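Residues -15 to 25 (my numbering) are what the sequence shown spells out, left to right. Don't be surprised by glycine CBs; every beta carbon is placed ideally from N, CA and C. Everything numeric in this text was worked out from a predicted model, so none of it was measured.
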Amino acid sequence: MPTPAKNNSPRPDAMRNWVLVPIATSVLLTIAAIVLLLANR
-15 MPTPAKNNSP
-5 RPDAMRNWVL
5 VPIATSVLLT
15 IAAIVLLLAN
25 R
């Protein structure tokens, strides 16, 4: 992933968290669903 230019955004950390938190949540939910499906087989 290319790092965003820090000159454009005064708070890159806040924007990064705003983007990464929903992505991480969806990824964790997807992994949990896959694990449950594999465990039920």
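Let me know the secondary structure DSSP gives residue i once reduced to three states.
i	result
residue 25	coil
If you draw a straight line from the alpha carbon of residue i to that of residue j, how long is it in whole angstroms?
i	j	result
residue 8	residue 2	11 Å
residue 10	residue 18	12 Å
residue 0	residue 16	24 Å
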